[in-house]
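One structure is given below, encoded as structure tokens.
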Amino acid sequence: MPFGIRTAACAVSCLALTGCASHDLMVKRQTEAEAKIEHLIEADKRNSQRMNALSGQLQELELRLRDSNGRISQLQASIGEMQVKGESTTPSHPEPAPTIELVNKEPASKGGESGPPAEYVKAFGLYSANSFSAAIQAFQAFLANSPGSDYTPNALYWIGECHYTLSDFPQAAAAFKKLAEGYPKSAKAPDALLKLGYTQTAMKQRDRATRTFESLIRQYPSSPAASRARERLTAH
């Protein structure tokens, strides 16, 4: 083969080899690029999954926070209600131990009862023993069996106290009101108005309670019960 032809053939072969090498390099680079893209896609998927997981956790935390805030609000409301109830049902002064009062200290010959009837004493004993339901029945029996007794106002008062202690506020209010309106000259009338005000406060009838305290102060201004009513009005 002539030299020129061989030279040309070698040149063509070199070009062919060079073209093959370039093609292989391009294929290699394309493969590497595709691998990088696939890697980036997988990384993006993982990041997306992590973001979704974090978003779910954040939503769960928000729900827990709302639930906690709701519970805190309920507790605060309950505490506030308990404080109001404790304030309304607890007198500002401790109540003295109950004792049987002598309603009529005049001798029996002047027409009054010489002392508390036995049935009244029995009912009062039940009250003192904290048997409030039984005491209510006993006082009611005394009222039925001894109409017009000097101890009728006292029996009504202790019936009211029993209902009040049992948190039966409507019945307590009825007993205190019956005493205050029916026996305004009784020594128990000021105390009945005071406890009626306490009872109305416990029933959240604050306007009525205020009027009751004001009525007590107006009718019995010098009584210890009036002093307590003034303190209650001043406090509110």
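Numbering (UniProt numbering), first residue to last: 1 to 236. The beta carbon of each residue, even a glycine, is placed where N, CA and C say it ideally should be. Note that the structure is predicted; figures quoted are calculated from it, not measured.
1. Which class does residue 47 belong to by DSSP, given the choice of helix, strand or coil?
2. Looking at the unbroken alpha helix (DSSP H) that takes in residue 145, where does it start and where does it end?
3. Using the Cβ count rule (16 or more neighbours within 10 Å means buried), how would you classify residue 31?
4. By the three-class DSSP mapping on this structure, what secondary structure does residue 222 have?
5. Rounding to the nearest angstrom, what Cα-Cα distance links residue 150 and residue 115 in this structure?
6. At 4 residues or longer, and completely inside the stretch 182-214: list those alpha helix (DSSP H) runs for me, N to C.
7. Name the two residues that bound the continuous alpha helix (DSSP H) containing residue 128.
8. Give every residue of the same chain whose Cβ lies closer than 6 angstroms to the Cβ of residue 226, excluding the five residues on either side of it in the sequence, and list them in chain order.
9. Leaving out five residues on either side along the sequence, give the residues of the same chain with a beta carbon under 7 angstroms from the beta carbon of residue 238.
10. From residue 125 to residue 197, what distance separates their C-alpha atoms?
11. Give the secondary structure of residue 164 by DSSP, where H, G and I count as helix, E and B as strand, and everything else as coil.
So, from the data block:
1. In the three-state reduction of the DSSP assignment, residue 47 falls in the helix class, which pools H, G and I.
2. Where residue 145 is concerned, the enclosing alpha helix (DSSP H) stretches over 132-145.
3. By the neighbour-count rule (16 or more Cβ atoms within 10 Å), residue 31 is not buried but exposed.
4. In the displayed model, residue 222 falls within coil according to three-state DSSP, outside both helix and strand.
5. Cα to Cα, the separation comes out at about 10 angstroms.
6. Every unbroken stretch of the alpha helix (DSSP H) spanning 4 or more residues and falling wholly within the stretch 182-214 is given here in chain order: 189-202.
7. Judged by DSSP secondary structure, residue 128 falls within the alpha helix (DSSP H) whose first and last residues are 118-128.
8. Only 216, 217, 220 meet the Cβ criterion.
9. The requested residue 238 is not part of the displayed model; the chain covers only 1 to 236.
10. If I take the Cα positions, the gap works out to 26 angstroms.
11. Correct three-state label for residue 164: helix.
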